[in-house]
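Take a look at the structure set out below.
As structure tokens, then:
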């Protein structure tokens with residue numbers, strides 16, 4: 001059995017949302033599984049000294065246009081959230097808590113969180129919003145509420161972010177296939193070709 | 001007849017080189033012509049306050065890998081130049097001088113300059129190198145040598161850069177189809193679809 005593909009993303013990243021909607025299908029076409037790994041870009045940027053895209057005037061205007069155009073091309077519901085970017089600690093903790101028990105359910109939760117944020121303008125940085133969405137995804141709400149403040153869950157997320165930084169992850173989405181990194185949803189075509197051919 | 005596609009690029013941009021190798025074919029498939037517009041990213045960055053990619057540690061490591069991988073995928077000769085990035089005033093002036101008389105020859109010259117820089121490691125920031133390459137491309141070398149210091153040619157390049165900045169061009173390659181901007185060689189797929197469908 002081949003290694004799983006590592007899929008790093010931040011819940012506040014629109015291109016992460018676009019990639020999340022496609023990565024499982026791409027992997028499945030090549031008999032691969034995907035390990036989803038939400039990270040906190042804010043923490044990554046602190047280490048790498050990067051600035052969020054929104055601070056660069058011309059680029060941010062273009063980025064707005066590019067996001068909407070790409071969403072339309074992918075037939076994905078998309079509306080730039082009122083609050084952006086946001087801290088995604090709560091959704092990321094919820095993800096890892098659920099993931100420990102049921103990775104498939106965790107992926108469904110991740111997609112639900114993305115849709116809530118990027119289609120329905122729900123501020124998922126709020127723990128209550130994350131809990132509500134987890135409830136809809138079939139997770140016990142009391143359990144999730146407790147998990148968001150659980151020391152083990154907090155440590156798990158911290159560890160995942162540290163490990164990602166140590167590996168060189170600097171953006172979202174960031175996909176690693178057998179050690180080969182691909183950054184950005186616009187590299188999904190190369191991801192697919194890499195899986196097809198084993199590299200070039 | 002449809003409007004020409006505007007193709008902005010800097011001779012020091014590897015992704016500009018990748019796009020230059022494909023843009024004419026893509027446009028021709030949709031009965032479009034392409035207006036090539038070399039610019040000076042250094043001047044653009046001064047206005048927009050951006051930093052070259054190479055100043056961001058993790059990103060620059062990834063970028064190196066991505067460039068080589070993309071070149072292999074496109075079957076393009078590619079070797080990261082010893083001196084990078086460079087000032088591209090000389091090649092850009094040479095381009096506009098030739099373009100005034102023969103746009104098709106100017107495009108051939110642009111491709112020859114790109115190959116010299118990104119495949120043969122020739123430092124095309126040196127006027128002598130640009131003159132030599134222009135000579136190989138069938139342009140009179142004495143004429144080009146004079147053109148590189150000609151006030152009209154200098155003004156033309158300055159005007160082109162100013163107009164690009166005014167339009168919002170902030171990177172290379174940057175392609176505009178009927179007012180719709182596309183940034184990056186990884187948007188060529190969307191460029192092709194846009195030409196096919198007239199937008200979405």
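Residue numbers (my numbering), protein chains in the order written: chain A, 1 to 200; chain B, 1 to 200. Glycine included, every Cβ here is placed at the ideal spot set by N, Cα and C. Since the structure is predicted, the reported quantities are computational estimates derived from the model, not experimental observations.
Residues of the stretch 166-185 of chain B with a Cβ closer than 7 angstroms to any Cβ of chain A, in chain order: 168, 170, 181 and 183.
For residue 89/B, the enclosing alpha helix (DSSP H) starts and ends at 89-101. Residue 97/B and residue 152/B have their C-alpha atoms spaced approximately 9 angstroms apart. A Cβ-Cβ distance of about 7 angstroms is found for the pair residue 168/B and residue 181/B, placing them in contact under the 8 angstroms criterion. Residue 182/B sits in a strand when the DSSP states are folded into three classes.
Residue 47/A has no beta-bridge partner at all, per DSSP. Taking 7 angstroms as the cut-off between beta carbons, the residues of the stretch 72-102 of chain B near chain A are 72 and 73, in sequence order.
About 10 angstroms separates the beta carbon of residue 124/B from that of residue 131/B, a gap too long to meet the 8 angstroms contact definition. Out of 11/B, 117/B and 101/B, the CA that lies nearest to the CA of residue 139/B is found in 101/B. For residue 62/B, the nearest beta carbon of chain A is closer than 8 angstroms to its own beta carbon. Cβ proximity to chain A below 9 angstroms picks out nothing from the stretch 15-43 of chain B.
By the neighbour-count criterion, in which a residue is buried when 16 or more other Cβ atoms sit within 10 angstroms of its Cβ, residue 72/B is exposed.
Residue 178/B and residue 197/B have their C-alpha atoms roughly 13 angstroms apart.
In terms of beta-carbon proximity, residue 121/B stays away from the interface with chain A, with every pair separated by 8 angstroms or more.
For residue 188/B, no chain A residue has a C-beta closer than 7 angstroms to its own C-beta; the minimum C-beta separation is roughly 10 angstroms. Three or more Cβ pairs closer than 8 angstroms define a contact, and the stretch 8-19 of chain A meets that threshold against the stretch 102-122 of chain A.
Comparing alpha carbon positions, the residue from 49/A, 83/A, 99/A and 30/A closest to residue 147/A is 99/A. The C-alpha of residue 183/B lies about 34 angstroms from the C-alpha of residue 143/B.
CA-CA distance, residue 62/A to residue 13/A, rounds to 16 angstroms.
Of the residues assessed, residue 83/B falls on the exposed side of the cut-off, its CB having fewer than 16 other CB atoms within 10 angstroms. For residue 37/A, the enclosing beta strand (DSSP E) starts and ends at 34-38. Around residue 58/B, the beta-carbon contacts reaching into chain A at under 7 angstroms are 48, 168 and 170. Taking a C-beta distance under 8 angstroms as the contact criterion, residue 35/A and residue 6/A qualify as a contact pair. Cβ-Cβ separation between residue 38/A and residue 95/A: approximately 5 angstroms, consistent with a contact (criterion under 8 angstroms).
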